[in-house]
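S.K.: Under my numbering, the first residue of the sequence shown is numbered 12, with each subsequent residue one higher.
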Amino acid sequence: MSMETPVLETDRLILRPITLDDAPAVQKYFNNWNIIKNLSLAVPWPYPDDGAESFIRDNVLPSVEKGESIVWVITVKDHGDEAVGVIDYRVDGREEGNRGFWLAEPFWRQGYMTEAVTAMQDYIFFDLDIERMIVMNIHTNEGSRRVKQKNGAQFIGTKELEHREGGSKTEMWEITRESWTAIRKKA
Ligand SMILES: CC(C)(COP(=O)(O)OP(=O)(O)OC[C@H]1O[C@@H](n2cnc3c(N)ncnc32)[C@H](O)[C@@H]1OP(=O)(O)O)[C@@H](O)C(=O)NCCC(=O)NCCS
12 MSMETPVLET
22 DRLILRPITL
32 DDAPAVQKYF
42 NNWNIIKNLS
52 LAVPWPYPDD
62 GAESFIRDNV
72 LPSVEKGESI
82 VWVITVKDHG
92 DEAVGVIDYR
102 VDGREEGNRG
112 FWLAEPFWRQ
122 GYMTEAVTAM
132 QDYIFFDLDI
142 ERMIVMNIHT
152 NEGSRRVKQK
162 NGAQFIGTKE
172 LEHREGGSKT
182 EMWEITRESW
192 TAIRKKA
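1) Considering only DSSP beta bridges, list what Lys170 is partnered with.
2) Which residue comes first and which comes last in the alpha helix (DSSP H) that contains Asn45?
3) Determine contact between the stretch 176-194 and the stretch 159-166, defined as no fewer than three beta-carbon pairs at a distance below 8 Å.
4) Whole angstroms are fine: how far does the CA of Val75 sit from the CA of Glu107?
5) Going along the chain, which unbroken runs of the alpha helix (DSSP H) with 4 or more residues stay wholly within the stretch 127-169?
6) On a CA-only basis, which of Gln38, Ile47 and Asn152 is nearest Asp61? Give me that one, please.
7) CB-CB under 8 Å to Val18, same chain, minus the five flanking residues each way: which ones, in chain order?
8) With respect to the alpha helix (DSSP H) encompassing Trp56, which residues constitute its N-terminal and C-terminal limits?
9) Is the closest heavy atom of ligand 1 to the C-beta of Thr125 under 7 Å?
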């Protein structure tokens, strides 16, 4: 299976492979408690000044290079080529791939992540022919849960994983090619 990151285009977005040049934009938008509070303790807080640059250089790009993840930055056509979010698919030795996503706060509640997820899931399930993906969120994260529920996720249980805001009850979901196909047929 090829794990290259293709450019994906939707009505309002272009998803393109992340590069080190995206570090300043990622630093600007990701360094935000309203984003990081929803993430696991793997993400440092306070966020270091070189957090984006070192994470992209030392974690993201090597993982992409090894074929263990696909990582897109999200750009909004009306807003130019600036990275305003990230969506990824990671295998990293796990049996099933996981997805992560975040969007810059000024762009929330406009349907952008749903649009990005649609393009990402079309690619994962229909082009790469992946059968099943696991996705998670801290139970207080209504936005992330809603994006999942709208896009084929079925609840499979909870697990304990400490998150930055303090809680640890983490919801687990699976999204299958079958559930996604059913949603795309209705669209
Ligand atoms: C979660 C996140 C990606 C949502 O992105 P978004 O572009 O605002 O989501 P959308 O506009 O596509 O919204 C999809 C649905 O979720 C709902 N939604 C979005 N944010 C919400 C929130 N904070 N509370 C409740 N519902 C929310 C929308 O109303 C929409 O539902 P609807 O179509 O029924 O009205 C964004 O809020 C974010 O980056 N949060 C911080 C990082 C994060 O939590 N990442 C995920 C970790 S698991």
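The beta carbon of each residue, even a glycine, is placed where N, CA and C say it ideally should be.
M.R.: To lay it out plainly:
1) Counted from its first residue, the sequence shown places residue 170 at position 159. Lys170 is bridged to Thr181.
2) Numbered from its first residue, the sequence shown carries residue 45 at position 34. Looking at the DSSP string, the run of the alpha helix (DSSP H) that includes Asn45 is Trp44 to Ile47.
3) yes
4) Locating residue 107 in the sequence shown gives position 96, counting from the first residue. Locating residue 75 in the sequence shown gives position 64, counting from the first residue. Each residue's Cα considered, the two are about 16 Å apart.
5) 153-161
6) On the sequence shown, position 50 is the one that residue 61 refers to. It is Gln38.
7) Locating residue 18 in the sequence shown gives position 7, where the first residue counts as 1. For Val18, where only same-chain residues beyond five positions count, the Cβ hits under 8 Å are Ile25, Leu26, Arg27 and Pro28.
8) Residue mapping note: residue 56 aligns to position 45 of the sequence shown, counting from 1. Per DSSP, Trp56 belongs to no alpha helix (DSSP H) and is neither H nor E.
9) Taking the first residue of the sequence shown as position 1, residue 125 is located at position 114. Yes, Cβ of Thr125 sits closer than 7 Å to a heavy atom of ligand 1.
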